[in-house]
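Read in order, the letters of the sequence shown are residues 10 to 380 in the numbering used here. From the three backbone atoms N, C-alpha and C, an ideal C-beta is built for every residue, glycine too. Below: the structure, in structure tokens.
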Amino acid sequence: MSITVSDEFCPIDPRPAPIKTEGLMAWVRLNLFSSVWNGLATLIALAFLVRAGAALLDWGLLRAVFAADAEQCHALRGTGACWGVVTEKFRFIVFGRYPFDEQWRPLIATVLLVGMLVLSGIRAFWKRWLVALWVVVIPLFFILMRGNVLGLSHVTTDLWGGLPLTILLASFGIILACPLAVVVALGRRSKLPAIRSVCVIYVELIRGVPLISVLFMASFMFPLFLPPGTSPDVLVRVLAGITLFSAAYLAEVVRAGLQAVPKGQVEAAQTLGLTYWQTQRKIVLPQALAMVVPSIVNIFIGIFKDTSLVTIVSLYELTGSLSLALNSDVNWRPYKIEGYLFIAFLYFIFCFSMSRYSLRVEKHATRSKVR
């Protein structure tokens, strides 16, 4: 049997190039134009966004008034934005009712506090001197805000407001709530019934009511149980309410992280002879907190935004300061939308910064799991 080999060359048809699965065009093709109906919906949405964006651009920039001229704003009312209200009421919105000539004090105090928060978020600055710096900055913050020492005039806490008050309540509420939440979360997993019951009652009781109720009780109901003349400052009571409320929610998030840690980790630590607190501090808590970073940051963002509720107890943070600034001046009262958009922009800057930082922390915390 013989095999004949043909001398004729038969080329193979070229195969189509592989579809690119990475990059912008690949994402657009997969998410926006994966089918006919999906592409049609994308085009309709784009048309709506273009039309709405054009109208917003025309109202917010092209026909807007940026000068603090009330007559010019009234002339263009309904056709263009009046950003002049922000220019006119900027210091009142940012610093609230704090004395006008002394507003350099909350400015410096806020810059110091925000600067310390930024430094504390950078791993390279996690040194012993950072703790010492906090010990100096915290008293200095309250000295600048309150005064009555070093030749500074006394400013009562009911005059604190605007952005400094918002950052104060959010920052110290978070700082004080974190250790309390860890203790409560560990208590809920305790084998001692008394400790476990107290922690469960605390968490369920606080989580069963809205924050506005906690603030109301801390401001108006709590002083009724104290001897006359011994009621703490309203700012202290409000900060305590925010701390207790935030700690209850944080405790549940931390408890979820603790339950996710394999039992083998604890058993291995016990085999090595580590005590309970050594096991929690070196083995369990680092892993538990790393697994719930997104949820923790969600609570932090919620705390920052919920500071707007303190208006009900006559503490005027950003939103409260805006209401005071506009309600007291009939010329600028119609332009609340522009004022609230400015405040929303400030909230967005801080909340977006926290969100991006959480992504960085989450990436660093899960680096050891990447193989």
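Comparing C-alpha distances from residue 344 to each of 190, 244, 78, 274 shows the shortest one belongs to 78. For residue 258, the closest C-alpha among the options 285, 295, 301, 291 is that of 301. Residue 307 and residue 23 have their C-alpha atoms some 52 angstroms from each other. Here DSSP, grouped into helix, strand and coil, assigns residue 94 to helix. Following the DSSP letters along the chain, one finds residue 307 inside the alpha helix (DSSP H) bounded by residues 302-315.
The Cβ neighbour count for residue 289, taken over all protein chains shown within 10 Å, is at least 16; the residue is labelled buried.
For residue 203, the enclosing alpha helix (DSSP H) begins and ends at 202-216. In this structure the segment 128-137 does not touch the segment 90-110; the number of beta carbon pairs closer than 8 angstroms is below three. When the beta-carbon positions are compared, residue 367 and residue 303 come within less than 8 angstroms of each other.
In terms of Cβ geometry, residue 153 and residue 114 form a close pair [threshold 8 angstroms]. Listed in chain order, the non-local C-beta contacts of residue 128 below 6 angstroms within the same chain comprise 134, local neighbours out to five positions each way being set aside. Annotated three-state conformation of residue 107 is coil, per DSSP. C-alpha of residue 71 to C-alpha of residue 89: approximately 8 angstroms in a straight line. Beyond the five residues adjoining it in sequence on each side, residue 216 comes within less than 8 angstroms, by CB distance, of 257, 258, 261 in the same chain, given in chain order. When Cβ pairs closer than 8 angstroms are counted between the two stretches, the segment 272-279 is seen not to touch the segment 224-241, the count staying below three. A straight line joining the alpha-carbon of residue 263 with that of residue 250 spans about 20 angstroms. Per DSSP, reduced to three states, the secondary structure at residue 326 is strand.
When DSSP reads this structure, residue 74 sits in a beta bridge with 91.
A residue is called buried once 16 or more other Cβ atoms fall within 10 Å of its Cβ, and residue 342, having fewer, is exposed. By the CB criterion at 8 angstroms, residue 313 and residue 179 fall inside the cutoff. About 6 angstroms separates the CB atoms of residue 246 and residue 228; that is less than 8 angstroms, so the two are in contact. Of the residues assessed, residue 244 falls on the buried side of the cut-off, its CB having 16 or more other CB atoms within 10 angstroms. Listed in chain order, the alpha helix (DSSP H) runs fully inside the segment 94-178 are 113-129, 137-155, counting runs of at least 4 residues. Proximity to residue 104 across 170, 362, 181 peaks at 170, based on C-alpha coordinates. With a beta-carbon spacing of about 16 angstroms, residue 145 and residue 155 fall beyond the 8 angstroms limit used to define contacts. In the structure shown, the three-state DSSP call for residue 339 is coil. Between residue 193 and residue 208, the beta carbon gap of about 5 angstroms places them in contact (Cβ cut-off 8 angstroms). Only residues of its own chain outside the window of five on either side were considered, and among them 98, 101, 102 have a CB closer than 7 angstroms to the CB of residue 334, listed in chain order. If you check the CB distance, residue 269 and residue 297 come in under 8 angstroms. Residue 42 sits in coil when the DSSP states are folded into three classes, being neither helix nor strand. Going by beta carbons, residue 119 and residue 172 fall inside the 8 angstroms limit.
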